[in-house]
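Asks: Protein sequence lines, in the order shown, are assigned to chains A and B.
Under numbering that gives the first Met the number 0, the first residue of the first sequence carries the number 0, and numbering increases by one thereafter.
Under numbering that gives the first Met the number 0, the first residue of the second sequence carries the number 0, and numbering increases by one thereafter.
All residues carry an ideal CB built from backbone N, CA and C; glycine is no exception.
All of these numbers come straight from a predicted model, not from anything done at the bench.
2 protein chains.
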Amino acid sequence: MTKQTYAIGVDYGTESGRALVVDVATGRELGSAVHAYANSVLDERLPADAGGAILEPDWALQDPNDYLEVLKHAVPAAIKASGISPNDVVGIGIDFTACTMLPTRADGTPLCFLPEFRHKPHSWVKLWKHHAAQPEADHVNAVARAMGEPWLDRYGGKISSEWFFPKVLQILTEAPEIYHAADRFIEACDWVIWQLTGAETRNSCTAGYKAMWQKETGYPRREYLAALNPDFANVVSDKMACPVSPLGSRAGGLSHAAAVWTGLPAGIAVAVANVDAHVTVPSAQATDPGTMVMIMGTSICHMVIGEHLHVVPGMCGVVEDGITPGTFGYEAGQSAVGDIFGWFIEHGVPATVSDEARAAGVSVHTLLEQRAARLKPGESGLIALDWHNGNRSTLVDVELGGLMLGSTLLTKPHEQYRALIEATAFGTREIIEALERHGVPVHRLVAAGGLPERNKLLMQIYADVTQRSIGVVRAEQAPAQGAALHGAVAAGAYANILDAARAMGGLKDEAFVPNAANKAIYDELFTEYKKLYDYFGRGANNVMKTLKRMKREARSA
Amino acid sequence: MTKQTYAIGVDYGTESGRALVVDVATGRELGSAVHAYANSVLDERLPADAGGAILEPDWALQDPNDYLEVLKHAVPAAIKASGISPNDVVGIGIDFTACTMLPTRADGTPLCFLPEFRHKPHSWVKLWKHHAAQPEADHVNAVARAMGEPWLDRYGGKISSEWFFPKVLQILTEAPEIYHAADRFIEACDWVIWQLTGAETRNSCTAGYKAMWQKETGYPRREYLAALNPDFANVVSDKMACPVSPLGSRAGGLSHAAAVWTGLPAGIAVAVANVDAHVTVPSAQATDPGTMVMIMGTSICHMVIGEHLHVVPGMCGVVEDGITPGTFGYEAGQSAVGDIFGWFIEHGVPATVSDEARAAGVSVHTLLEQRAARLKPGESGLIALDWHNGNRSTLVDVELGGLMLGSTLLTKPHEQYRALIEATAFGTREIIEALERHGVPVHRLVAAGGLPERNKLLMQIYADVTQRSIGVVRAEQAPAQGAALHGAVAAGAYANILDAARAMGGLKDEAFVPNAANKAIYDELFTEYKKLYDYFGRGANNVMKTLKRMKREARSA
Chain A
0 MTKQTYAIGV DYGTESGRAL VVDVATGREL GSAVHAYANS VLDERLPADA GGAILEPDWA
60 LQDPNDYLEV LKHAVPAAIK ASGISPNDVV GIGIDFTACT MLPTRADGTP LCFLPEFRHK
120 PHSWVKLWKH HAAQPEADHV NAVARAMGEP WLDRYGGKIS SEWFFPKVLQ ILTEAPEIYH
180 AADRFIEACD WVIWQLTGAE TRNSCTAGYK AMWQKETGYP RREYLAALNP DFANVVSDKM
240 ACPVSPLGSR AGGLSHAAAV WTGLPAGIAV AVANVDAHVT VPSAQATDPG TMVMIMGTSI
300 CHMVIGEHLH VVPGMCGVVE DGITPGTFGY EAGQSAVGDI FGWFIEHGVP ATVSDEARAA
360 GVSVHTLLEQ RAARLKPGES GLIALDWHNG NRSTLVDVEL GGLMLGSTLL TKPHEQYRAL
420 IEATAFGTRE IIEALERHGV PVHRLVAAGG LPERNKLLMQ IYADVTQRSI GVVRAEQAPA
480 QGAALHGAVA AGAYANILDA ARAMGGLKDE AFVPNAANKA IYDELFTEYK KLYDYFGRGA
540 NNVMKTLKRM KREARSA
Chain B
0 MTKQTYAIGV DYGTESGRAL VVDVATGREL GSAVHAYANS VLDERLPADA GGAILEPDWA
60 LQDPNDYLEV LKHAVPAAIK ASGISPNDVV GIGIDFTACT MLPTRADGTP LCFLPEFRHK
120 PHSWVKLWKH HAAQPEADHV NAVARAMGEP WLDRYGGKIS SEWFFPKVLQ ILTEAPEIYH
180 AADRFIEACD WVIWQLTGAE TRNSCTAGYK AMWQKETGYP RREYLAALNP DFANVVSDKM
240 ACPVSPLGSR AGGLSHAAAV WTGLPAGIAV AVANVDAHVT VPSAQATDPG TMVMIMGTSI
300 CHMVIGEHLH VVPGMCGVVE DGITPGTFGY EAGQSAVGDI FGWFIEHGVP ATVSDEARAA
360 GVSVHTLLEQ RAARLKPGES GLIALDWHNG NRSTLVDVEL GGLMLGSTLL TKPHEQYRAL
420 IEATAFGTRE IIEALERHGV PVHRLVAAGG LPERNKLLMQ IYADVTQRSI GVVRAEQAPA
480 QGAALHGAVA AGAYANILDA ARAMGGLKDE AFVPNAANKA IYDELFTEYK KLYDYFGRGA
540 NNVMKTLKRM KREARSA
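Right, here's the structure in full:
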């Protein structure tokens with residue numbers, strides 16, 4: 000009998016980091032601990048000890064020291080909670096929000112750690128939801144379109160303000176002294192791996208999905224970067240150059256310093272970094288082509304492995320080695336899902352209903368779900384468009400808005416609630432159909448995230464609308480478990496991610512099976528949804544954009 | 000100095016009747032009294048003393064005896080409240096809901112008063128909102144279209160199930176023994192005048208707007224009626240024949256029996272009957288061409304006088320002598336206005352808002368109005384279609400549904416509330432534009448009904464959206480005051496309704512004046528509304544009808 004070994008996964012979220020101890024042989028979760036970031040999200044001002052500068056609207060920064068504190072506190076606490084010996088840990092992996100990036104010195108020191116830059120907002124980590132680089136994103140897109148850059152189509156024809164180059168370009172534009180003082184611009188996840196190993200690496204997931212890196216051609220070419228700004232011409236060669244490593248590869252051994260922080264043995268394998276959504280795919284055993292993973296929460300991130308490269312309009316990205324080595328990882332998304340239900344419950348449900356929920360001892364969500372579940376498909380008489388936060392895939396348009404159609408004087412909140420759920424399911428179906436139309440099959444679905452546990456009606460509607468069965472990832476902390484799985488692969492416990500996924504990943508026994516009796520009705524409703532989708536989303540009627548413009552004009556008048 | 004004289008107006012509503020004493024010289028309201036109908040609206044079963052038969056869905060009946068009770072109680076009470084002597088009353092007029100009709104014997108005895116018919120639902124009064132004659136209405140429309148009946152276009156191309164011939168045809172179809180036993184089919188308003196005078200009359204308003212009577216051609220021709228049903232061929236000649244009298248004319252003198260009921264002098268003038276909305280026009284001094292009266296409540300009824308006959312698509316009707324003698328009265332309508340706001344407040348406003356309203360000591364309506372009033376036009380980012388109860392004018396389509404477009408995760412209830420108000424204002428603007436496109440000018444607006452008093456923001460939005468000033472009728476009980484005005488004309492106190500309107504009608508000092516600064520924004524929003532109106536209302540996208548069909552199928556499955 001071989002010795003029992005363990006891997007650690009660290010999941011870096013928006014407000015805290017979670018460490019998890021996982022059994023390398025079975026993938027079982029043995030113990031975890033969470034550490035909140037002391038500086039959380041900086042969206043109003045810098046910390047007082049950094050001068051407290053006021054931040055502009057749409058800014059969102061973080062403190063890289065908080066990431067180190069997670070290693071120092073959450074990892075030892077998780078080991079303690081699991082009851083294992085740290086000496087039996089063979090590998091560690093991490094996953095992160097993305098694009099979350101920072102400027103550093105050549106030795107990896109964040110500029111915000113240096114007294115001469117600490118009071119300057121541009122020296123800090125730009126969190127994924129830093130949205131202040133929209134002018135730069137517009138410029139990135141306009142120049143790429145004008146120059147016919149071949150990678151643009153792989154990212155839905157539009158680069159987000161959240162991504163790497165707009166954020167770096169904002170630093171160059173607004174704080175050239177920071178831009179020039181930075182030896183490196185790096186994803187925070189790669190920076191954490193650097194701190195763990197003492198060596199800089201870059202991973203194919205964030206490089207591919209957030210920095211337009213493609214395996215055959217690398218990052219965007221010099222001529223294009225120069226066209227963005229002459230001072231930007233050499234940003235890749237000067238400040239980013241580093242081999243891009245496939246996921247699951249060994250970034251290095253745990254440094255002595257990091258061994259002290261974590262309580263783990265020095266020299267154990269550290270995997271290259273990964274993104275929170277993508278790292279979940281092997282945890283869900285969705286490494287075979289045709290299985291789509293949906294991370295379902297406030298929004299949905301859809302990921303599916305393809306064997307070949309296809310340009311599917313409206314994807315977030317398609318990246319070779321982006322999810323598993325040797326395949327093409329397709330990522331799509333819906334900008335708001337749980338957020339729409341949350342908005343509706345906060346602003347659209349009357350006291351009569353919330354009082355009844357309280358009297359029944361259930362949440363308003365649950366009461367609406369119970370009532371909506373008693374409706375048959377089509378019975379609400381309503382159809383909605385789920386664009387309250389714009390549409391990411393397949394329209395890539397933040398200027399769209401929500402729609403509710405078919406209300407009568409008898410329409411009730413639970414009918415609207417069901418129509419909103421159905422709209423988000425139609426949104427997923429449209430993504431699946433776009434993939435399949437362009438050569439990427441999607442046979443079955445696997446769900447992760449908060450929604451599958453909380454809303455069974457929603458899951459059944461997704462199964463019925465897509466007429467595909469939906470499994471649910473088994474791991475309670477799927478991203479952290481996926482990160483640990485990558486750590487196990489880096490340690491050589493498995494030959495590759497696929498083998499590790501077979502052994503360590505898994506689904507719950509419970510699955511959502513499509514009800515064939517609902518197929519015809521949902522097909523008809525989807526046809527209507529699609530007609531509205533194309534009419535309002537593809538230029539025939541731009542009323543949603545007109546309303547947003549008029550709203551801005553009214554507010555600035 | 001001439002002796003001071005008075006006229007009585009009796010306004011028959013859906014659940015009660017109101018009598019009002021009015022000064023003939025000035026139109027001043029001196030005293031009123033309300034009498035509730037003992038049997039109210041019979042929509043579940045007949046009264047117990049009539050056997051208690053269960054009524055089908057969509058039925059709505061009344062008891063004609065309740066109308067007589069109003070004469071016996073409300074009229075004497077109003078005289079008492081006013082402090083006048085009944086001997087100074089010179090005339091009486093009434094107005095009524097319509098089409099509200101009943102079968103009677105040749106002497107005017109309602110069939111439901113006779114023991115042999117009293118237990119049969121079809122012998123009772125069919126109230127305006129009796130909607131069970133839809134199959135008959137469909138038949139009336141299909142045959143009229145097939146035979147190219149010339150009057151169809153004057154009624155928006157579609158006869159409502161609420162109107163006279165569908166209701167009579169339902170009696171023939173479902174209870175032929177009642178049909179054959181009936182010597183007369185008559186509007187309840189004309190029946191009340193019959194009871195007051197002892198002689199049958201028919202008025203040009205209900206005949207014109209509810210029974211397709213036209214001054215030049217009379218009722219629908221025999222060949223058409225025979226095509227509906229051979230037994231229906233002679234319904235007009237056998238059961239309706241009677242001269243149609245113009246409004247304001249003298250139906251007769253008050254009978255001795257009615258003098259006993261009312262306490263009024265026998266022989267005083269009784270005016271021919273009228274409809275509640277139309278009778279308000281002279282009270283609002285809107286007897287000149289180009290002034291549109293809007294009766295604004297749960298729905299809106301629009302009336303405007305034209306000098307010439309034009310066929311305006313989507314009107315409820317155009318009738319010569321329909322509102323004032325010698326002119327063409329155009330009627331249009333919006334199926335739901337106040338009802339939409341009521342629905343939204345009942346089902347779409349969260350406890351946080353209703354709690355704030357309670358704490359502030361105001362209604363939810365008022366709180367939303369206050370907040371919505373602080374928004375600039377265009378600031379909500381929303382646009383709505385006000386079709387929650389279908390669209391009467393100009394689309395004449397009950398199968399349409401409501402729409403709310405442009406919601407975001409930050410959209411608040413008061414923004415939706417304002418968008419709903421704006422939608423109903425756009426609906427009125429579309430009616431005005433349809434009239435003007437087809438040759439009927441609309442220069443200014445006068446409002447009556449409950450909304451003008453209760454919602455100043457709504458009135459200002461209507462003024463801004465239509466860019467027309469809106470006066471408000473002065474009378475507190477405008478329909479009853481208008482009915483009394485007709486009684487005064489019948490008594491010869493004035494030469495005609497126009498003279499009476501000048502003396503007795505009037506507007507409040509307060510008026511709503513359009514804000515020119517809002518014109519451009521509302522023009523742009525109306526352009527967007529109109530695009531949606533035509534797209535969803537005129538066949539390009541029939542999703543609303545599809546959803547209603549699917550809802551019916553789901554419910555019957």
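1. Quick one, which of E509/B, T323/B, Q459/B and T465/B has its alpha-carbon nearest R473/B's?
2. Tell whether a beta-carbon distance below 9 Å holds between G426/B and N390/B.
3. Judging by CA-CA distance, which residue of G30/B, E115/B and W162/B is the nearest neighbour of H129/B?
4. Is the segment 1-14 of chain B close to the segment 411-419 of chain A, with three or more CB pairs under 8 Å?
5. Quick one: using the 10 Å Cβ neighbour count with 16 as the cut-off for buried, is L171/B buried or exposed?
6. Beta carbons nearer than 9 Å to chain A: which residues of the segment 315-341 of chain B have them?
7. What is the rounded straight-line gap between the Cα of K209/A and the Cα of Y218/A?
8. Have a look at E199/B and G107/B and give me their C-alpha separation to the nearest angstrom.
9. Sort H277/A, Y36/A and A18/A by Cα distance to E28/A and report the nearest one.
10. With DSSP collapsed to three states, give me the class of N248/B.
11. Which residues in the same chain have their Cβ closer than 7 Å to the Cβ of K119/A, if we skip the five residues on either side of it in sequence?
12. Give the residues of chain A in contact with A517/B, contact being defined as C-beta atoms less than 8 Å apart.
13. Going by alpha carbons, who is nearest to V363/B out of A371/A, E355/A, P349/A and R373/A?
14. Return the chain-ordered list of same chain residues with a C-beta closer than 7 Å to the C-beta of V278/B, the five sequence neighbours on each side being excluded.
15. Runs of 3 residues minimum, wholly inside the segment 494-550 of chain A: which ones carry the beta strand (DSSP E) assignment?
16. Kindly list, in the order they appear in chain A, the residues whose Cβ is closer than 9 Å to that of L408/B.
17. Where M239/A and L399/A are concerned, what is the direct C-alpha to C-alpha distance, given to the nearest angstrom?
18. Against R554/A, what residues of chain B qualify as contacts under a CB-to-CB distance less than 7 Å, listed in chain order?
19. Just curious, the alpha helix (DSSP H) that H72/B is in, first and last residue?
20. Indicate the three-state DSSP secondary structure (helix, strand or coil) for Y36/A in the structure shown.
21. Looking at the C-beta of K530/A, does it have a partner C-beta in chain B at a distance below 9 Å?
22. Which residues, taken in chain order from the segment 340-365 of chain A, show a beta carbon closer than 7 Å to some beta carbon of chain B?
23. Relative to the alpha-carbon of L126/B, which residue among L113/B, R153/B, A136/B and S160/B has its alpha-carbon at the smallest distance?
24. Can you tell which of D152/A, P288/A, V311/A and A97/A has its C-alpha closest to the C-alpha of R436/A?
25. Short of 8 Å in beta carbon distance, which residues of its chain neighbour M549/A, apart from the five on each side in sequence? Order them along the chain.
26. Could you give the distance in angstroms between the alpha-carbon of A500/B and the alpha-carbon of A97/B?
27. Are the C-beta atoms of G405/B and some chain A residue less than 9 Å apart?
28. Cα separation between V292/B and V280/B?
29. Residues in its own chain within less than 6 Å of T351/B by CB, not counting five upstream and five downstream?
30. Does the distance from the C-beta atom of R443/B to that of G289/B stay below 9 Å?
31. Tell me the start and end of each unbroken beta strand (DSSP E) in the segment 333-385 of chain A that is at least 3 residues and wholly inside, in chain order.
32. Does the distance from the CB of G26/B to the CB of M543/B come in under 9 Å?
33. Verify whether the separation of the beta carbon atoms of E345/A and L457/A is less than 9 Å.
34. Go ahead and label E527/B buried or exposed: buried means 16 or more other beta carbons lie within 10 angstroms of its beta carbon, across all protein chains shown.
35. To the nearest angstrom, report how far apart G266/A and H413/A are at their CA atoms.
36. Contact criterion: CB-CB distance below 9 Å. Does G16/B meet it with respect to chain A?
Replies: For this structure:
1. E509/B
2. yes
3. W162/B
4. no
5. buried
6. A335, D338, I339 and G341
7. 10 Å
8. 8 Å
9. A18/A
10. Checking the displayed sequence, the identity of residue 248/B turns out to be Ser instead of Asn. Residue state, collapsed to three classes: coil.
11. A174 and I177
12. Reading off the sequence, residue 517/B comes out as Asn, not Ala. By Cβ distance, chain A contributes nothing, its closest Cβ being about 11 Å from N517/B, past 8 Å.
13. P349/A
14. D94, P478, G481, A482 and H485
15. 506-511
16. A335, D338, I339, G341, W342, H387, N388 and G401
17. 35 Å
18. E378
19. P63 to S81
20. coil
21. yes
22. W342, E345, H346, G347, V348, P349, A350 and S353
23. S160/B
24. V311/A
25. none
26. 23 Å
27. yes
28. 6 Å
29. none
30. yes
31. 382-384
32. no
33. no
34. buried
35. 56 Å
36. no
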